[in-house]
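Asker: Residue numbers (our numbering), protein chains in the order written: chain F, 337 to 813; chain W, 8 to 485.
1. Please say whether residue 744 of chain F and residue 764 of chain F have beta carbons closer to each other than 7 Å?
2. Would you please verify whether the beta carbon of residue 603 of chain F is less than 7 Å from any beta carbon of chain W?
3. Curious, which full-length alpha helix (DSSP H) runs of at least 4 residues does the region 573-632 of chain F contain?
4. Taking the alpha helix (DSSP H) that residue 155 of chain W falls in, what are its first and last residues?
5. Please check the pair residue 69 of chain W and residue 30 of chain W, which I expect to be a contact at CB under 8 Å, by giving their CB distance rounded to whole angstroms.
6. Name the one or two DSSP bridge partners that residue 488 of chain F has.
7. Keeping to the same chain, check which residues put their C-beta closer than 6 Å to that of residue 183 of chain W; ignore five residues upstream and five downstream.
8. Would you say residue 504 of chain F faces chain W, with C-beta separation under 7 Å as the test?
9. So that I know if they touch, is there some Cβ in chain W lying closer than 7 Å to that of residue 492 of chain F?
10. Can you have a look at residue 254 of chain W and say buried or exposed, based on whether 16 or more other CB atoms are within 10 angstroms of its CB?
11. Identify the contact partners of residue 614 of chain F in chain W, using a Cβ-Cβ distance below 9 Å as the criterion.
12. Could you list the residues in the region 386-420 of chain F with a C-beta less than 8 Å from some C-beta on chain W, going in chain order?
13. Please confirm whether residue 482 of chain F has its beta-carbon closer than 7 Å to some beta-carbon of chain W.
14. Starting from the N-terminal side, write out each stretch of the alpha helix (DSSP H) that is 4 residues or longer and does not extend beyond the region 520-578 of chain F.
15. What first and last residue would you give for the beta strand (DSSP E) that runs through residue 393 of chain W?
16. With 7 Å as the threshold, decide whether the Cβ of residue 486 of chain W is near any Cβ in chain F.
17. With C-beta atoms as the reference, is residue 258 of chain W less than 7 Å away from residue 280 of chain W?
18. Can you find a C-beta in chain F that's less than 7 Å from the C-beta of residue 253 of chain W?
19. Would the beta-carbon of residue 177 of chain W fall within 7 Å of that of residue 234 of chain W?
20. Taking the beta carbon of residue 326 of chain W as the centre, do at least 16 other beta carbons fall within 10 Å, making it buried, or is it exposed?
21. Can you tell me whether residue 209 of chain W is buried or exposed, with buried defined as 16 or more other CB within 10 angstroms of its CB?
22. Extract the residue ranges of the alpha helix (DSSP H) inside the region 661-727 of chain F, only unbroken runs of 4 or more that lie entirely within it.
23. State the Cα-Cα distance for the pair residue 476 of chain W and residue 72 of chain W, rounded to the nearest angstrom.
24. Mind checking which residues open and close the alpha helix (DSSP H) that includes residue 278 of chain W?
25. Provide the residue(s) that pair with residue 166 of chain W in DSSP beta bridges, ordered along the chain.
26. Could you pull out every residue in the same chain whose Cβ sits closer than 6 Å to the Cβ of residue 599 of chain F, ignoring the five residues on either side in sequence?
27. Looking at the unbroken alpha helix (DSSP H) that takes in residue 767 of chain F, where does it start and where does it end?
28. Which residue wins for smallest C-alpha separation from residue 403 of chain W, given the options W:188, W:105, W:270 and W:74?
29. Using a Cβ distance threshold of 8 Å, determine whether the region 409-420 of chain F contacts the region 226-243 of chain W, with at least three qualifying pairs required.
30. Just to make sure I have the definition right: I need the residues of chain F whose C-beta is within less than 7 Å of the C-beta of residue 335 of chain W. Which are they?
31. Go to residue 302 of chain W, then tell me how far its alpha helix (DSSP H) extends in each direction, as first and last residue.
32. Touching or not, the region 535-542 of chain F and the region 651-666 of chain F, by the rule of three or more beta carbon pairs under 8 Å?
33. List, in order along the chain, the chain F residues whose C-beta lies closer than 9 Å to that of residue 359 of chain W?
34. Mind checking which residues open and close the beta strand (DSSP E) that includes residue 444 of chain F?
35. Hey, could you find the ends of the beta strand (DSSP E) residue 291 of chain W is sitting in?
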């Protein structure tokens, strides 16, 4: 299938996590009793009118700027008309010919280097309700109706399922840094549809596309695209017709199935929303919001490498969560000028695996930068072994106690002073004549047995290296 | 004590209440008694038969305002006189209703008749049957606020609210010989007004005289955070405009409004009104509104386009009428097919067509451009003029059924009122005489945005100098 090139564009819908809905004062909280978060406006009751929640605009501008889009100075809402029972007004307030912003991009890493994926437009719209189907009827939950959505449409610049996956990961990462959406595909706060067509490599004309829906994870998007490339390639190979259609991803069957055929473009009869006057976004407003955008992941990534000498691999892991990157940087600063290798290894090693096993971010663990560094001091001074240190960390996270307290309470300080161990060493030698004679007759294993005995007598506190030296010294003497 | 309380104006009754000579309960009771006698003849109010509302006053306070059936009243049926909204009692009240209560008045809990969804100029398109003109029961009361206008004219209401999208307050006021004011777009909140055409709709007073119009404006006007198209400009005390003095007021007479199609009796009544006002010191000048001829076609594209979208929500899913069918698409089709009347269907189809792919530019977009030209015509004139004076409608009330089968003829009865909605400017209609058949003739006064005071001032001065409002219809109750 190498002779075909896939052309992919992604359409991402993102719930903005404003406290209230886009056009009324209802709460946006997830998982509440059906239809408990509704009012005449989001129920589309006759006579009700929408009022635009300005926080939505602030969040949307923030996203548009972070995605390098041009924010339009003059923008308006339009009505998208279609009948569906989850849409109480039978039109959706959306944006058509004058979207909030256009012409952005984000960069992704590919095997052949950094690639720029264009963003056609970012616009604001309202979400629809949720249909719940029972055996003999369908019910509507309007809690989701009117929740602010951003639609982020990419250019068809994506050429493989891997690139699509990377695009989504980077997009989600940026949005999370902005703190304007939960980006949770399972809760539906991030949804992604994909348009995909194939064409012979080198061909300029676009092929007939399919629109893929119903993917519930980034992996689902990747799998659906992989499947669809194979399906379309097989059709082309066998010279069968590809039809323009919407297909649903069947997660269990691992295949796409046809949903509906698009007979040309659907006529949504867009026209300007007469209930909401157009609005002008001032230069000052844009400047003000630009000022609230934090350092974004790619900038932080570069800076971590330059400023703290991190490897690309380590830096990438650390910036993949805003909170973790923030925690890491706190550690770096407190750590001073020392080489960061041990610290970084601990951050992306034991700390990250503790976080993962607890289903938390590193930053959400019961540990501060200071207390982590205190633990590492014991390691650096060889006062505890690496193994002990990991156990202490677990204890710290469970109990919230300091490393010093745990080490002291449990008497975990390693004994590296050979004078302090000498008495035990002599005792071990006198109690194990067989092993001593084995060693003397050249059996190296016997020495390891004696070290083990010493470790046992010291209750594990003896520095094994020192113990071995000490025993050897006394046996060889 | 005078038991004919229902014949008084609101400002007269307010004085009576202040002087402790009458109570709100007495006014309410008097209205209900009159209604019982007259409504079977006039049909100004709907859902009267078998309604407990006829007997039970709704905690009356102040002067009860009668409400058109497209303005939401919490807990009381609001059906836009359409089958498709049958049984719909809103869970909330319109902002104007809340304002009426805040200002110490109440609303009358029986709603007034109207053309279904305000689609019409005769009230013949009501699911509840036509309203009869109190001056001649064989004639229409105008529309779409025909119920409110007829109720005020027949003393079944003290004062009332209507809505005006293309003349629906002014034209019935003209036909029924009462005063109807369409405020500037954005002056009165539309929250709770069941939308016909959102960019044109305004709620306004229908009253027995100009003073009541000013008083009711004082109550309902003002910015509403729930309506993004309402404008945050201070509300003046409109009664202060009622000085009687019009000296030096510059008034334009648009020549395009005095052409073929204008009934000679209406023409001469309006010209006489001009003479009256001239004598009072107003200065008149012939002017031109060059794009007038396009107002009706532009209106029927924009209004129907918006209506087609606004009425999409009436689908049988959440409220109102639902036809039985298990299949969703068929349920939609049957509900809407059985729930909407002919005129509503006609306008939904027209509007859907105007917004359709491939036709949008030629119809909707072009209509928006011409709308801007119409607005500019007014803006230019109002740089030099205080008001513009025209007939309200080309004719007096026509016979029931006369135009019902010819929608185009019907649409032309709003030819003089539509431009004000397209431009967003305020306009009033007040009586300026009678035809020899005894039907009222209306005079329309327009002014620039938020200049309702100039309109009221000119209207009041005219009203004070003529005694038209003393004439009352006599309804044969046998």
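For each residue, glycine too, the CB sits at the ideal point set by N, CA and C.
Answerer: The answer reads as follows:
1. Here residue 764 of chain F refers to the residue found at position 428 of the first chain. Here residue 744 of chain F refers to the residue found at position 408 of the first chain. Cβ distance not < 7 Å, so residue 764 of chain F and residue 744 of chain F don't count as in contact.
2. Within the first chain, numbered from 1, the residue matching residue 603 of chain F stands at position 267. It does; some Cβ of chain W falls within 7 Å.
3. Entirely contained in the region 573-632 of chain F, the alpha helix (DSSP H) runs reaching 4 residues are, in chain order, 619-626.
4. Counting from one through the second chain, the residue named residue 155 of chain W turns up at place 148. It spans 153-160 - the alpha helix (DSSP H) in which residue 155 of chain W sits, taken as one unbroken run.
5. Looking up residue 69 of chain W in the second chain gives position 62. Looking up residue 30 of chain W in the second chain gives position 23. Going by Cβ atoms, the distance from residue 69 of chain W to residue 30 of chain W rounds to 11 Å, so no, they are not a contact pair.
6. Taking the first chain and counting its residues from 1, one reaches residue 488 of chain F at position 152. Its beta-bridge partners are F:348 and F:458.
7. Your numbering for residue 183 of chain W matches position 176 in the second chain. Within the same chain, residue 183 of chain W has close Cβ partners 148, 156, 157 and 160.
8. Within the first chain, numbered from 1, the residue matching residue 504 of chain F stands at position 168. Output row for residue 504 of chain F: interface = no.
9. Counting from one through the first chain, the residue named residue 492 of chain F turns up at place 156. Taking a beta-carbon distance threshold of 7 Å, residue 492 of chain F does not count as an interface residue toward chain W.
10. The sequence position of residue 254 of chain W within the second chain is 247, counting from 1. Note on residue 254 of chain W: under 16 other CB atoms within 10 angstroms of its CB, so exposed under the neighbour-count rule.
11. The residue you call residue 614 of chain F lines up with position 278 of the first chain. What residue 614 of chain F touches in chain W: nothing, since even the nearest Cβ is about 11 Å away.
12. Across the region 386-420 of chain F, CB contacts with chain W closer than 8 Å involve 386, 387, 388, 415, 417 and 419, in sequence order along the chain.
13. As a working mapping, residue 482 of chain F is identified with position 146 in the first chain. In terms of beta-carbon proximity, residue 482 of chain F stays away from the interface with chain W, with every pair separated by 7 Å or more.
14. The DSSP assignment places 554-573 as complete runs of the alpha helix (DSSP H) inside the region 520-578 of chain F, in order along the chain (cut-off: 4 residues).
15. Along the second chain, read from residue 1 onward, the residue named residue 393 of chain W stands at position 386. Premise fails: residue 393 of chain W is in no beta strand (DSSP E) and is neither H nor E.
16. Here chain W comprises residues numbered 8 to 485, so residue 486 of chain W is not present and cannot be evaluated.
17. Taking the first residue of the second chain as 1, we reach residue 258 of chain W at position 251. Taking the first residue of the second chain as 1, we reach residue 280 of chain W at position 273. No, the Cβ-Cβ distance between residue 258 of chain W and residue 280 of chain W is not below 7 Å.
18. For the purposes of this step, residue 253 of chain W is taken as residue 246 along the second chain, with counting starting at 1. For residue 253 of chain W, no Cβ of chain F is located within less than 7 Å of the residue's own Cβ.
19. Residue mapping note: residue 177 of chain W aligns to position 170 of the second chain, counting from 1. Residue mapping note: residue 234 of chain W aligns to position 227 of the second chain, counting from 1. No; because the gap between Cβ atoms is not below 7 Å, this pair is not in contact.
20. Residue mapping note: residue 326 of chain W aligns to position 319 of the second chain, counting from 1. Residue 326 of chain W should be labelled buried.
21. In the second chain, residue 209 of chain W corresponds to position 202, counting from 1. It counts as buried.
22. With a minimum length of 4 residues, the continuous alpha helix (DSSP H) runs that stay inside the region 661-727 of chain F are 677-682, 688-693 and 705-716.
23. As a first step, residue 476 of chain W is located in the second chain; it is residue number 469 there, counting from the start. As a first step, residue 72 of chain W is located in the second chain; it is residue number 65 there, counting from the start. For residue 476 of chain W and residue 72 of chain W, the distance between alpha carbons rounds to 20 Å.
24. Numbered from its first residue, the second chain carries residue 278 of chain W at position 271. Run containing residue 278 of chain W: 271-286, per the alpha helix (DSSP H) assignment.
25. Here the question's residue 166 of chain W lines up with position 159 in the second chain. Paired residue(s): W:72.
26. Taking the first chain and counting its residues from 1, one reaches residue 599 of chain F at position 263. At residue 599 of chain F the pLDDT is 49, less than 50, meaning the model places this residue with poor confidence and gives no usable figure here.
27. Within the first chain, residue 767 of chain F is the residue found at index 431, counting from 1. Looking at the DSSP string, the run of the alpha helix (DSSP H) that includes residue 767 of chain F is 754-767.
28. As a first step, residue 403 of chain W must be located in the second chain, where it is residue number 396. It is W:270 whose Cα lies nearest to the Cα of residue 403 of chain W.
29. By the C-beta criterion, the region 409-420 of chain F is judged not to be in contact with the region 226-243 of chain W, since fewer than 3 inter-stretch pairs fall below 8 Å.
30. For the purposes of this step, residue 335 of chain W is taken as the residue at position 328 of the second chain. Neighbours of residue 335 of chain W on chain F, chain order: 421.
31. Position 295 of the second chain, counted from the start, is the residue given in the question as residue 302 of chain W. Here the alpha helix (DSSP H) through residue 302 of chain W covers 302-317.
32. No, the region 535-542 of chain F does not touch the region 651-666 of chain F.
33. For the purposes of this step, residue 359 of chain W is identified with residue 352 of the second chain, where counting begins at 1. Here the neighbours are 417 and 605.
34. Stepping through the first chain from its first residue, residue 444 of chain F is reached at position 108. Looking at the DSSP string, the run of the beta strand (DSSP E) that includes residue 444 of chain F is 437-446.
35. Locating residue 291 of chain W in the second chain gives position 284, counting from the first residue. If you look at residue 291 of chain W, you'll find it in the beta strand (DSSP E) that goes 290-294.
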